[in-house]
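**Q** Before I ask anything, let me first share the structure, which is written out below as structure tokens.
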Amino acid sequence: MINYKIKSLIAVLLLPAVLHAQSIKKLSLQEAIDLGVANSKNLKLAQNKIDESIAKLAVVKDNVLPTATASFLYNHAEIPTNTLSIGGGDPLHLPNRADAFVGTAAVQEVIYGGGKYRYAQESTKLLTDVARLDADKNKEEVSYAIINTYFSLFKLMQSKKVVAQNLESIASQLKQAQRFFEQGIVTKNDVLRFQLQQANISLTDLEIENNRKIVNYNLDILLGLPEETEVAIAESELPLNTVEPLTTYMSKAFANRQELQQLDLQNKVADINIKTIKANTRPTVGVGANLYYINPSGSFIPPSEQFIVPITIGATVSWNVASLWTNKNKVAEAKIQQKEIGIQKDILSDNVKTELNKNYQNYRLALQKINVLETSIAQATENDRLLESKYKNNIASVTDRIDAETLLYQAKINLELAKADAKLSYYTLLKSTGKISQ
Numbered sequence: 000m001i002n003y004k005i006k007s008l009i010a011v012l013l014l015p016a017v018l019h020a021q022s023i024k025k026l027s028l029q030e031a032i033d034l035g036v037a038n039s040k041n042l043k044l045a046q047n048k049i050d051e052s053i054a055k056l057a058v059v060k061d062n063v064l065p066t067a068t069a070s071f072l073y074n075h076a077e078i079p080t081n082t083l084s085i086g087g088g089d090p091l092h093l094p095n096r097a098d099a100f101v102g103t104a105a106v107q108e109v110i111y112g113g114g115k116y117r118y119a120q121e122s123t124k125l126l127t128d129v130a131r132l133d134a135d136k137n138k139e140e141v142s143y144a145i146i147n148t149y150f151s152l153f154k155l156m157q158s159k160k161v162v163a164q165n166l167e168s169i170a171s172q173l174k175q176a177q178r179f180f181e182q183g184i185v186t187k188n189d190v191l192r193f194q195l196q197q198a199n200i201s202l203t204d205l206e207i208e209n210n211r212k213i214v215n216y217n218l219d220i221l222l223g224l225p226e227e228t229e230v231a232i233a234e235s236e237l238p239l240n241t242v243e244p245l246t247t248y249m250s251k252a253f254a255n256r257q258e259l260q261q262l263d264l265q266n267k268v269a270d271i272n273i274k275t276i277k278a279n280t281r282p283t284v285g286v287g288a289n290l291y292y293i294n295p296s297g298s299f300i301p302p303s304e305q306f307i308v309p310i311t312i313g314a315t316v317s318w319n320v321a322s323l324w325t326n327k328n329k330v331a332e333a334k335i336q337q338k339e340i341g342i343q344k345d346i347l348s349d350n351v352k353t354e355l356n357k358n359y360q361n362y363r364l365a366l367q368k369i370n371v372l373e374t375s376i377a378q379a380t381e382n383d384r385l386l387e388s389k390y391k392n393n394i395a396s397v398t399d400r401i402d403a404e405t406l407l408y409q410a411k412i413n414l415e416l417a418k419a420d421a422k423l424s425y426y427t428l429l430k431s432t433g434k435i436s437q
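So for the sequence shown, numbering that gives the first Met the number 0 puts the first residue at 0; every next one is plus one.
Printed below as a string of structure tokens:
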């Protein structure tokens with residue numbers, strides 16, 4: 000019984016830790032992207048638009064199928080005045096009432112409609128492809144938003160690590176300064192300077208933690224996770240990609256950018272629209288069959304030879320001759336609209352070039368910054384080592400000692416931030432090519 004109580008007590012004590020552990024989710028960058036894409040409401044909306052376009056295409060295909068109609072009519076007539084005399088002839092006596100049943104069935108098929116039905120199918124199919132490209136573009140945007148937020152969290156976590164190291168070092172320096180003060184080696188002001196630095200770094204740590212909570216919450220929303228989930232960054236190192244020639248990225252951009260592909264499709268849609276307008280000048284040919292059931296006997300099932308079932312088969316040719324001279328301006332208007340699409344593509348192509356070049360240069364600059372910062376860390380480390388030795392030997396002032404240590408840890412933070420910024424710059428460069436995952 001005692002063992003059972005002890006086990007129960009341990010379970011109760013460990014429950015908060017278990018619950019806390021369950022709220023932490025460790026994710027690599029690719030896992031975060033996959034999760035965000037799977038749960039994105041924007042992508043679900045884009046998929047719904049694709050489904051809508053596919054449904055419209057099915058409707059257009061149905062338009063080329065034969066049409067068929069059927070109807071059945073019952074008619075009852077009361078004839079109060081049922082005697083009719085015309086001239087001097089014998090009067091015509093009609094019944095007091097009459098019933099009749101009339102049924103019709105018809106099938107119509109358009110044999111030739113000037114190509115309008117075929118053009119409608121082609122146009123709707125192209126618009127469905129445009130919707131798919133729009134969904135692809137949305138996927139890239141969602142992926143980039145996740146990458147951007149992920150690296151923002153990464154930078155904050157790296158900054159916290161460096162700040163924690165700095166606080167640990169300052170605590171050690173403060174203990175040393177207090178010993179020196181007790182030994183009469185340094186003044187009380189030296190101790191206060193270390194305490195002030197410790198307070199300032201603690202404030203920095205509080206600000207970083209506040210920003211981490213904000214960014215973490217935003218990432219939870221993007222990934223579709225419970226809002227209390229803490230995302231743990233699985234990326235300990237950020238391997239940087241080498242820079243390829245600018246022309247390589249340009250080629251990828253003009254092959255992959257969804258906006259350019261959409262304009263190409265819209266240009267094809269405009270071309271089909273011109274053909275559709277021209278098709279209005281052509282005649283329409285159709286065939287049809289009609290079946291009639293006429294039963295004036297008054298009985299639902301008539302006696303033999305008291306009903307008729309005529310069947311007609313015919314063909315129709317219709318032609319709006321006036322379209323030969325009224326359609327010309329409509330064609331001209333459609334060609335102007337198509338030309339506008341070509342101009343839009345030229346403008347977009349120039350924008351793609353400038354955007355890509357800017358991101359390319361930014362990535363190269365980010366890599367160069369890392370090289371400079373790695374050199375500065377080596378210099379700051381040596382400077383900190385020298386000042387630490389001089390301070391211990393009472394050669395350097397406390398101000399020099401604190402400044403050297405501050406420079407070192409600031410350089411470390413700058414390097415971690417520069418690495419994350421460089422990786423983000425690379426993904427920004429890939430985004431401008433139209434495809435983040437290469």
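The C-beta atom is built at its ideal place from N, Cα and C for all residues, glycine as well.
Would DSSP call Asn62 helix, strand or coil?
**A** As a working mapping, residue 62 is identified with position 63 in the sequence shown. Three-state DSSP puts Asn62 in coil, outside helix and strand.
**Q** By the three-class DSSP mapping on this structure, what secondary structure does Asp98 have?
**A** Locating residue 98 in the sequence shown gives position 99, where the first residue counts as 1. Strand.
**Q** Would you report the Cα separation of Gln164 and Gln177, rounded to the nearest angstrom?
**A** As a working mapping, residue 164 is identified with position 165 in the sequence shown. As a working mapping, residue 177 is identified with position 178 in the sequence shown. The straight-line gap from Cα to Cα measures roughly 20 Å.
**Q** Can you have a look at Tyr426 and say buried or exposed, based on whether 16 or more other CB atoms are within 10 angstroms of its CB?
**A** For this step, residue 426 is matched to residue 427 along the sequence shown. Tyr426 should be labelled buried.
**Q** For Lys60, I'd like the list of residues in its chain whose CB is within less than 8 Å of its CB, leaving aside the five on either flank, ordered along the chain.
**A** Sequence index remark: in the sequence shown, residue 60 carries index 61 (1-based). Gln120.
**Q** Is it the case that the segment 195-215 contacts the segment 151-171, given that we only count it when at least three CB pairs across the two stretches are under 8 Å?
**A** A contact exists between the segment 151-171 and the segment 195-215.
**Q** Does the segment 337-345 come close enough to the segment 366-379 that 3 or more CB-CB pairs lie under 8 Å?
**A** In short, these stretches do not touch, since the Cβ pair count stays below three.
**Q** I need the boundaries of the alpha helix (DSSP H) containing Ser348, first residue and last residue.
**A** Numbered from 1 along the sequence shown, position 349 holds the residue referred to as residue 348. Segment 327-391, the alpha helix (DSSP H) holding Ser348.
**Q** Just checking my contact of Gly313 with Ile110 at CB under 8 Å: how many whole Å lie between their CB atoms?
**A** Here residue 313 corresponds to residue number 314 of the sequence shown, with the count starting at 1. Here residue 110 corresponds to residue number 111 of the sequence shown, with the count starting at 1. That pair is no contact at about 12 Å.
**Q** Starting from Tyr310, follow the alpha helix (DSSP H) in both directions and report where the run begins and ends.
**A** Stepping through the sequence shown from its first residue, residue 310 is reached at position 311. The sequence as given places Ile at residue 310; Tyr does not occur at that position. Segment 310-317 is the beta strand (DSSP E) holding Ile310; no alpha helix (DSSP H) there.
**Q** Would DSSP call Phe180 helix, strand or coil?
**A** Here residue 180 refers to the residue found at position 181 of the sequence shown. Residue state, collapsed to three classes: helix.
**Q** In terms of residues, what are the limits of the beta strand (DSSP E) holding Ala288?
**A** For this step, residue 288 is matched to residue 289 along the sequence shown. Counting along the chain, the beta strand (DSSP E) containing Ala288 begins and ends at 283-294.
**Q** What first and last residue would you give for the alpha helix (DSSP H) that runs through Leu26?
**A** What you label residue 26 is simply residue 27 of the sequence shown in a count that begins at 1. That residue, Leu26, is in no alpha helix (DSSP H); its beta strand (DSSP E) goes 23-26.
**Q** What's the C-alpha gap between Lys334 and Tyr143?
**A** Start at 1 with the first residue of the sequence shown, and residue 334 comes out as number 335. Start at 1 with the first residue of the sequence shown, and residue 143 comes out as number 144. So the two alpha carbons sit approximately 38 Å from each other.
**Q** Based on the DSSP secondary-structure assignment, which residues constitute the bridge partners of Thr68?
**A** Position 69 of the sequence shown, counted from the start, is the residue given in the question as residue 68. Thr68 pairs with Ala105.
**Q** Rounded to whole angstroms, what is the Cα-Cα separation between Pro309 and Tyr292?
**A** Here residue 309 is taken as the residue at index 310 of the sequence shown, counted from 1. Here residue 292 is taken as the residue at index 293 of the sequence shown, counted from 1. One C-alpha to the other measures close to 7 Å.
**Q** State the CB to CB distance for the pair Ile145 and Ile32, rounded to an integer number of angstroms; the pair is presumed to be in contact (CB under 8 Å).
**A** Here residue 145 refers to the residue found at position 146 of the sequence shown. Here residue 32 refers to the residue found at position 33 of the sequence shown. Their Cβ separation, rounded to whole angstroms, is 5 Å, which keeps Ile145 and Ile32 in contact under 8 Å.
**Q** Just mark Gln172 as buried or exposed, buried being the case when its beta carbon has 16 or more other beta carbons within 10 Å.
**A** As a working note, residue 172 is residue 173 in the sequence shown. Buried, by the Cβ-count rule.
**Q** Find out if the Cβ-Cβ distance for the pair Ile412, Glu139 is shorter than 8 Å.
**A** Position 413 of the sequence shown, counting from 1, holds the residue named residue 412. Position 140 of the sequence shown, counting from 1, holds the residue named residue 139. Their beta carbons are not under 8 Å apart, which means Ile412 does not touch Glu139 by this criterion.
**Q** Quick one: grab the DSSP three-state call for Val242.
**A** By one-based count along the sequence shown, residue 242 stands at place 243. It is coil, neither helix nor strand.
**Q** On the three-pair Cβ rule with 8 Å, is the segment 266-281 touching the segment 388-401?
**A** The answer is no - the segment 388-401 does not touch the segment 266-281, with fewer than three Cβ pairs under 8 Å.
**Q** From the DSSP output, which residues share a beta bridge with Ser307?
**A** Residue 307 sits at position 308 when you count from the first residue of the sequence shown. According to the sequence as given, residue 307 is Ile; it is not Ser. Paired residue(s): Ile293.
**Q** Taking Cβ to Cβ, would you say Tyr118 is nearer than 8 Å to Thr246?
**A** What you label residue 118 is simply residue 119 of the sequence shown in a count that begins at 1. What you label residue 246 is simply residue 247 of the sequence shown in a count that begins at 1. Contact flag unset, no.
**Q** Quick check on Ala20: does DSSP put it in helix, strand or coil?
**A** Residue mapping note: residue 20 aligns to position 21 of the sequence shown, counting from 1. Only weak support is given to the placement of Ala20: the predicted model assigns it a pLDDT of 48, under 50, and the value that follows is read from those uncertain coordinates. Three-state DSSP puts Ala20 in a helix.
**Q** How many angstroms separate the CA atom of Ala20 from the CA atom of Gln196?
**A** The sequence position of residue 20 within the sequence shown is 21, counting from 1. The sequence position of residue 196 within the sequence shown is 197, counting from 1. Since pLDDT at Ala20 reaches only 48, below the 50 mark, its modelled position is unreliable, and no value is offered.
**Q** Have a look at Gly88, Ser70, Leu93, Asn319 and flag the residue whose alpha-carbon is nearest the alpha-carbon of Thr80.
**A** Within the sequence shown, numbered from 1, the residue matching residue 80 stands at position 81. Nearest option by C-alpha distance: Leu93.
**Q** Below 8 Å on the Cβ atoms is my contact criterion, and I expect Ala105 with Asn294 to pass it. Report the Cβ-Cβ distance as a whole number of Å.
**A** Taking the sequence shown and counting its residues from 1, one reaches residue 105 at position 106. Taking the sequence shown and counting its residues from 1, one reaches residue 294 at position 295. Contact flag wrong, Cβ pair sits at about 18 Å.
**Q** Any idea which residues DSSP pairs Thr82 with across the strands?
**A** For the purposes of this step, residue 82 is taken as the residue at position 83 of the sequence shown. Thr82 is bridged to His92.
**Q** Glu206: which of Lys352, Val162, Leu355, Ile85 sits nearest, CA to CA?
**A** Translated into the one-based positions of the sequence shown, residue 206 becomes position 207. For the residues Lys352, Val162, Leu355, Ile85, the minimum Cα distance to Glu206 belongs to Val162.
**Q** Could you say which of Leu132, Arg96, Val190 lies nearest to Val397 if we only look at CA atoms?
**A** Translated into the one-based positions of the sequence shown, residue 397 becomes position 398. Val397 has its Cα closest to that of Val190, out of Leu132, Arg96, Val190.
**Q** Pull up the distance between the alpha-carbon of Ala76 and that of Thr68, whole angstroms please.
**A** Counting from one through the sequence shown, the residue named residue 76 turns up at place 77. Counting from one through the sequence shown, the residue named residue 68 turns up at place 69. Their backbone Cα atoms lie some 26 Å apart in a straight line.
**Q** Counting only the same chain and skipping the five closest in sequence on each side, list residues whose C-beta sits under 6 Å from that of Leu264.
**A** As a first step, residue 264 must be located in the sequence shown, where it is residue number 265. Cβ within range, chain order: Leu125, Asp128, Val129.
**Q** Expressed to the nearest angstrom, what Euclidean distance is found between the alpha-carbon atoms of Asp50 and Val371?
**A** Looking up residue 50 in the sequence shown gives position 51. Looking up residue 371 in the sequence shown gives position 372. Between Asp50 and Val371, the C-alpha separation is close to 52 Å.
**Q** Starting from Glu258, trace the alpha helix (DSSP H) both ways and give me its first and last residue.
**A** Looking up residue 258 in the sequence shown gives position 259. 257-278 is the span of the alpha helix (DSSP H), which, as asked, contains Glu258.
**Q** Using the C-alpha atoms, what's the distance from Gly35 back to Ser151?
**A** Taking the sequence shown and counting its residues from 1, one reaches residue 151 at position 152. Taking the sequence shown and counting its residues from 1, one reaches residue 35 at position 36. Distance between the alpha carbons of Ser151 and Gly35 is about 16 Å.
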